[in-house]
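If you want the numbering used here, it's the position in the sequence shown, counting the first as 1, plus 156. Every residue, glycine too, gets a C-beta built ideally from N, C-alpha and C. These figures come from a predicted structure and were not determined experimentally.
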Amino acid sequence: MYYDPLRITEAVRKIVVRNEEKFQLRKYYRFRGGRWYGGIATADSVGCNLRCKFCWSWKPRDNMGKYGHFYSPKEVYMRLTSIASRRGYRQLRVSGGEPTIGRRHLIQLLELFEKTSYLFILETNGILLGAFRDYAKEISRFKNVHVRVSLKGCTPEEFSKLTGANPEAFQLQLKALKNLLDFGVSMHPAVMLSFSSKESLERLTEELRRIDEELVEELEPEYVFLYPHVVKLMKKHGLKPRLAYSPNNIPEELI
157 MYYDPLRITE
167 AVRKIVVRNE
177 EKFQLRKYYR
187 FRGGRWYGGI
197 ATADSVGCNL
207 RCKFCWSWKP
217 RDNMGKYGHF
227 YSPKEVYMRL
237 TSIASRRGYR
247 QLRVSGGEPT
257 IGRRHLIQLL
267 ELFEKTSYLF
277 ILETNGILLG
287 AFRDYAKEIS
297 RFKNVHVRVS
307 LKGCTPEEFS
317 KLTGANPEAF
327 QLQLKALKNL
337 LDFGVSMHPA
347 VMLSFSSKES
357 LERLTEELRR
367 IDEELVEELE
377 PEYVFLYPHV
387 VKLMKKHGLK
397 PRLAYSPNNI
407 PEELI
């Protein structure tokens, strides 16, 4: 039985977002530094509107009431800049769950970083940016933000197989790319290829080319990392990748 990611969004928001008079609180379960992007400070949020069967963050995603604490935009800002300052990073991001859930919180967070020289990388599945064009427009007013839209597979069929969501929702991910481009937002697409065939990647390439040729050139491949808890989740769903990476970054041909 498929689900609607927009309905999931509303259910998740009730658990991971709280409204105060002047700001919006959002749940996060950790703050960390890391080697991604050449060094970046990361806030891992709780809650997502997709149920990917290969998700590395599935435990807090599926146990939202047990994981994390509520933080204001200013508290998130302070924790990220503290990590970045200690480690000499120039980039920051929100990862883990879906950061676009809690729109007011995210916009208030971006407003704080707009006053700095940091680059904020917004990692998103694009569902809400595709469904609500004005959301993409609102993000366009921030000049130190780069959006990375992570496509879950290359086709509607793959998207549904990997997430359990309605196949039609795949178009929201593609629409997010168009909306962001239309408003001049710095962005690029990424795609999970561990479960994709050469033919399905060719189909995606054609879809991206119809939106903008540069999307094809900027497409970033993603592959599953075989952390034990990720392997456990994939086995539960009978999902086997064609190509994945061991935790020490060694590629493994599995099919």
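Can you grab the Cα-Cα spacing for the pair D338 / I257, in whole Å? In the sequence shown, counting from the first residue as 1, residue 338 sits at position 182. In the sequence shown, counting from the first residue as 1, residue 257 sits at position 101. Roughly 22 Å between the two C-alpha positions.
If you scan the stretch 269-328 from start to end, which runs of the alpha helix (DSSP H) of 4 or more residues do you find wholly inside it? 283-287, 289-295, 312-319
Starting from the C-beta of L265, find all residues in its chain whose C-beta is less than 7 Å away, skip the five residues before and the five after it, and write them out in chain order. Position 109 of the sequence shown, counting from 1, holds the residue named residue 265. Same-chain partners within the cutoff: P229, V232, Y233.
Buried or exposed, going by whether 16 or more other CB atoms sit within 10 Å of the CB of S353? Here residue 353 refers to the residue found at position 197 of the sequence shown. Exposed, because fewer than 16 other Cβ atoms sit within 10 Å of the Cβ of S353.
Using three-state DSSP, classify T165 as helix, strand or coil. Here residue 165 refers to the residue found at position 9 when the sequence shown is read from its first residue. Three-state result, T165: helix.
For the alpha helix (DSSP H) holding P229, just list the boundary residues, first then last. Numbered from 1 along the sequence shown, position 73 holds the residue referred to as residue 229. It spans 229-243 - the alpha helix (DSSP H) in which P229 sits, taken as one unbroken run.
Kindly indicate which residue of G252, E362, V372, G286 has the alpha-carbon position closest to the one of T198. For the purposes of this step, residue 198 is taken as residue 42 along the sequence shown, with counting starting at 1. Per the Cα distances, G252.
What is the rounded straight-line gap between the Cα of N335 and the Cα of L285? In the sequence shown, the residue the question calls residue 335 occupies position 179. In the sequence shown, the residue the question calls residue 285 occupies position 129. Rounded to the nearest angstrom, the two C-alpha atoms are 7 Å apart.
Which ranges does the beta strand (DSSP E) cover as unbroken runs of at least 3 residues, wholly within the stretch 349-396, from first to last along the chain? 376-378
Buried versus exposed, by CB contacts within 10 Å (16 or more), H261: Position 105 of the sequence shown holds residue 261. Under this definition H261 is a buried residue.
Pull up the distance between the alpha-carbon of R186 and that of T237, whole angstroms please. In the sequence shown, residue 186 corresponds to position 30, counting from 1. In the sequence shown, residue 237 corresponds to position 81, counting from 1. Taking the straight line from one Cα to the other gives about 14 Å.
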